[in-house]
Each structure stands twice: as structure tokens, then as C-alpha cells.
Amino acid sequence: MSATSAPALRGPLMRVGVALACGLLGFLLVAQVRATESVEDRLAGEREEDLAQILSDLSAEADRLTLEITDLRLTLLAVQNEAEGEQVALRSLQRRLDDLRILAGVVAAEGEGISFVIEDPAGQVRQDLLVDTIQELRDAGGEAMAVNGVRLIVSSAFSVRRDRLLLDGQPLTPPYRIVAVGPADTMAKALAIPGGAIDTLEARTEVRTTVEQLAQLTVPARPQTAPFVFGEPVVESRDGE
Amino acid sequence: MIPLIALLVGAILGLVFQPTVPAALAPYLPVAVVAALDAIFGAVRARLDGVFSERIFLVSFLTNVVLAVFLVYLGDQLGVGSDLSTAVVVVLGVRIFQNLASIRRHLFRA
Chain A
3 MSATSAPALR
13 GPLMRVGVAL
23 ACGLLGFLLV
33 AQVRATESVE
43 DRLAGEREED
53 LAQILSDLSA
63 EADRLTLEIT
73 DLRLTLLAVQ
83 NEAEGEQVAL
93 RSLQRRLDDL
103 RILAGVVAAE
113 GEGISFVIED
123 PAGQVRQDLL
133 VDTIQELRDA
143 GGEAMAVNGV
153 RLIVSSAFSV
163 RRDRLLLDGQ
173 PLTPPYRIVA
183 VGPADTMAKA
193 LAIPGGAIDT
203 LEARTEVRTT
213 VEQLAQLTVP
223 ARPQTAPFVF
233 GEPVVESRDG
243 E
Chain B
3 MIPLIALLVG
13 AILGLVFQPT
23 VPAALAPYLP
33 VAVVAALDAI
43 FGAVRARLDG
53 VFSERIFLVS
63 FLTNVVLAVF
73 LVYLGDQLGV
83 GSDLSTAVVV
93 VLGVRIFQNL
103 ASIRRHLFRA
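Chains as they are written, first to last, in this note's numbering: chain A, 3 to 243; chain B, 3 to 112.
Right under this line is the structure:
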């Protein structure tokens with residue numbers, strides 16, 4: 003069945019295909035020739051004044067577009083500058099935030115510094131001596147400090163209860179190990195000045211001290227700090243100044 | 003005879019409808035037309051040689067056009083621009099000339 007009908011059907015179908023192909027070629031040929039001619043035709047048909055008009059129109063359009071390009075380039079530059087400015091401001095804010103975090107003790111701080119160990123087997127060292135020592139270190143540029151692993155923050159306080167030394171409520175037992183991030187050399191010298199912290203401490207019975215300068219040490223963070231209850235920030239208006 | 007009439011009808015349709023070539027197709031249409039012309043001249047030659055086959059003509063027509071357009075597209079993609087389309091036109095032009103020479107020999111015996 004199909005063996006007989008297929009060739010019989012294929013013949014006319016093929017002929018239709020050939021005719022379609024030829025028709026398509028004619029159509030495309032004309033379309034292409036017209037597309038090529040059309041621009042030249044249009045211009046060739048114009049009078050001289052019209053051609054001059056077209057030329058000046060096109061020049062004006064080109065000028066306008068050039069101006070637009072310049073404008074857009076300027077806008078691009080301005081936007082880029084602005085973005086860079088914001089980057090710089092962001093970096094300085096980030097830096098300030100880091101400083102404040104270290105100051106508040108909410109992050110661990112690391113860097114150069116000293117480790118100062120006070121051995122006190124006879125229990126001679128009281129809070130006033132520790133405060134003086136820490137004060138000395140702060141004066142010498144110490145930034146972040148911890149005593150026996152407890153970070154010192156702005157609200158830190160030494161106290162005595164039932165003859166036991168406490169730092170922010172945590173009992174402190176000797177030996178006291180003070181670590182401080184800061185200029186190691188300056189801090190070590192500040193502790194060692196005659197009549198200074200080391201002299202005062204070692205004047206007490208059986209008290210021994212060791213200073214160690216370290217290129218890299220880490221001061222732990224304060225896990226949580228008590229919230230401020232009474233203080234409110236004073237909002238300053240910057241625009242008024 | 004019918005193909006010639008179809009060609010004329012297509013041309014007349016083109017003149018009547020005045021199609022504008024879309025800008026996206028503008029680089030491909032000339033090459034497609036030359037490729038189709040090559041297929042047509044090949045078909046005329048085969049007819050005169052007595053070996054014309056409608057199937058072969060249709061296949062060569064389609065593959066010629068598609069291949070030529072593809073080569074131009076490839077040239078655009080490769081960055082050689084119009085060079086590859088020139089190459090295609092030159093090759094197709096040579097083939098058209100060969101076919102025409104063959105046709106001429108048949109018609110004029112010279």
C-alpha cells in the first residue's frame with residue numbers, strides 16, 4: 003500500500019516544494035534589492051536644499067547625542083565618587099565601632115602587650131595596690147586589660163567582702179595575673195620606675211612580681227555586661243553647629 | 003516552467019507587499035539569497051544534464067541557505083565580522099559561474 007502510494011504522492015509534493023522554494027527566492031531577492039536601494043533612492047530623490055536640511059538635522063542629532071554621552075559620563079563619575087566617599091566613611095565608622103567594642107570589652111582584643119604576674123602567698127596585696135598598678139598601666143597606654151581572665155571594663159570595680167578580694171563580684175585569688183594590650187616596652191618601664199608599682203608591691207612581705215613582654219597576646223571579652231539603668235545618651239544635634 | 007512562474011509570482015509578491023527587512027536579519031539575507039541562487043543554477047544545470055531530482059534540489063536549497071546563514075552568524079560570533087560572509091559569497095559566486103558555464107555549453111554547444 004504505502005510502497006505504491008508514497009512515490010505517487012511524493013512527486014506532486016516535491017513539485018509544490020520546488021515551486022515554493024522558487025517563489026521564496028523571488029520574494030527574498032526583491033526584498034533584498036529593495037532594502038539595498040531604499041536608502042540611496044530616498045537620498046537621490048531629494049533636492050539639494052532638502053539634502054542640506056537632512057545633513058544639518060543629522061549633525062544636530064549627533065551633537066546632541068555627544069552632549070548626552072558627556073553628561074552621562076559626568077554622572078557616572080559623580081556616582082563613582084559618591085560611592086567611594088561612602089566607602090571611606092563606612093571604613094572610618096567601622097574602625098570607630100571596633101575601638102568602642104574594645105573599650106567596652108564586648109570583644110576579645112589581641113596585639114602586643116605585657117603579662118604582669120603578682121605572687122602573693124601571704125595575702126598582702128589589697129585592692130588599692132591592684133588599682134594603682136592598673137592605673138599605672140593605663141597611664142602608660144594600656145588599652146584592653148584583664149585580671150585573672152576577667153576583662154576590665156569601664157564599670158569595673160575592686161571590692162572586699164569578708165576579707166576576700168572581689169573584681170566585679172568575682173573572687174580574686176593570688177597569684178594575680180594582669181594582661182594588658184598596649185605598648186609593651188612603655189608599660190614595662192612604667193611599672194619598673196623607682197618608687198612605682200613594682201617597688202611598692204615588692205615592699206610587702208613575700209610579694210614577687212614578674213613582667214613579661216609579649217608580641218602577641220589575647221585579652222578575653224566580657225561575656226555579658228550589666229546594662230546601664232540610670233544613664234541616657236544625650237543627643238547632640240550636629241546640624242546646629 | 004512552473005518553477006519559473008513561481009519565481010515571478012514571488013517577485014511580484016515582493017513588489018506588491020514591499021517587505022522591509024528587519025535589522026536583525028539584514029546581514030543574513032544577502033547571503034541567503036546568493037545561496038538560494040546557487041541552488042537554482044545548480045538545479046537548471048542538473049535539468050540540462052538530465053539528472054535533475056526535485057528531492058536533491060529541495061535538500062540543496064535548504065542546506066545551502068541554512069549553511070550560508072550559519073557561516074555568517076558564526077563569523078559575527080567569532081568577531082571576524084563580514085569577512086566570513088565575503089568568503090561565503092565568493093565561494094557561492096564561483097559555483098554559480100561554474101554552473102553557468104555548464105549551462106552555456108548545453109545551450110550553445112560551445
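The C-beta atom is built at its ideal place from N, Cα and C for all residues, glycine as well.
Since the model is a prediction, treat every value here as computed from it, not as a measurement.
Which residues in chain B sit within 7 Å of residue i, going by Cβ to Cβ distance?
i	result
Leu45 (chain A)	Chain B residues near Leu45 (chain A): none, gap ~17 Å exceeds 7 Å.
Would you kindly work out how many angstroms separate the C-alpha atoms of residue i and residue j, rounded to a whole number?
i	j	result
Leu80 (chain B)	Ala37 (chain B)	21 Å
Ala111 (chain A)	Val183 (chain A)	7 Å
Leu78 (chain A)	Ala85 (chain A)	11 Å
Val149 (chain A)	Ala80 (chain A)	52 Å
Gln55 (chain A)	Arg66 (chain A)	16 Å
Ala13 (chain B)	Leu60 (chain B)	19 Å
Gly115 (chain A)	Asp73 (chain A)	55 Å
Gly87 (chain A)	Arg75 (chain A)	18 Å
Val91 (chain B)	Val33 (chain B)	6 Å
Pro1 (chain B)	Val74 (chain B)	An answer regarding residue 1 (chain B) cannot be provided, because it is not within the stretch 3 to 112 covered by chain B.
Val109 (chain A)	Arg164 (chain A)	32 Å
Asp90 (chain A)	Gln226 (chain A)	The amino acid at residue 90 (chain A) is misidentified as Asp; the sequence shows Val. Going from the Cα of Val90 (chain A) to the Cα of Gln226 (chain A) covers about 32 Å.
Leu6 (chain B)	Arg57 (chain B)	18 Å
Leu30 (chain A)	Ser61 (chain A)	34 Å
Check whether chain B comes within 8 Å of residue i, counting only Cβ atoms and requiring the distance to be less than that.
i	result
Val20 (chain A)	yes
Gln34 (chain A)	yes
Ala80 (chain A)	no
Say whether chain A places a C-beta atom closer than 8 Å to the C-beta of residue i.
i	result
Phe63 (chain B)	yes
Leu17 (chain B)	yes
Gln20 (chain B)	yes
Ile42 (chain B)	yes
Pro29 (chain B)	no
Ala25 (chain B)	no
Arg49 (chain B)	no
Val71 (chain B)	no
Val35 (chain B)	yes
Asn101 (chain B)	no
Just the chain A side, please: which residues come within less than 7 Å of residue i by C-beta, in chain order?
i	result
Phe4 (chain B)	As written in the sequence, residue 4 (chain B) is Ile, which differs from the Phe given in the question. Within chain A, the residues near Ile4 (chain B) are Arg17 and Ala21.
Arg57 (chain B)	Met16
Leu9 (chain B)	Cys24, Gly25, Leu27 and Gly28
Applying the criterion that 16 or more other CB atoms from any shown protein chain within 10 Å of the CB defines a buried residue, is residue i buried or exposed?
i	result
Ser157 (chain A)	exposed
Gly233 (chain A)	exposed
Pro185 (chain A)	buried
Phe253 (chain A)	Past the boundaries of the shown model lies residue 253 (chain A); chain A is included only from 3 to 243, so the question cannot be answered.
Gln34 (chain A)	buried
Val18 (chain A)	exposed
Arg107 (chain B)	exposed
Val32 (chain A)	buried
Val181 (chain A)	buried
DSSP three-state label for residue i, please.
i	result
Glu121 (chain A)	strand
Pro229 (chain A)	coil
Ala13 (chain B)	helix
Ser161 (chain A)	strand
Glu208 (chain A)	coil
Leu216 (chain A)	strand
Ala37 (chain B)	helix
Ala223 (chain A)	coil
Gly115 (chain A)	strand
Leu99 (chain A)	helix
Val149 (chain A)	strand
List the residues of chain A that residue i touches, going by C-beta distances under 8 Å, in chain order.
i	result
Ala13 (chain B)	Gly28, Phe29, Leu31 and Val32
Val46 (chain B)	Under the 8 Å cutoff, chain A gives no residues; its nearest Cβ is about 11 Å from Val46 (chain B).
Ala89 (chain B)	What Ala89 (chain B) touches in chain A: nothing, since even the nearest Cβ is about 19 Å away.
Below 8 Å on C-beta distance, what does residue i contact in chain D?
i	result
Leu60 (chain B)	In the structure shown, chain D cannot be found, because the protein chains are A and B.
I want to check one thing, is the minimum distance from the CB of residue i to the heavy atoms of the ligand COA below 7 Å?
i	result
Phe99 (chain B)	Although the ligand COA was asked about, the structure shown includes no ligands whatsoever.
Quick one: which chain B residues come within Cβ less than 8 Å of residue i?
i	result
Ala37 (chain A)	Thr22, Val23, Ala28 and Leu31
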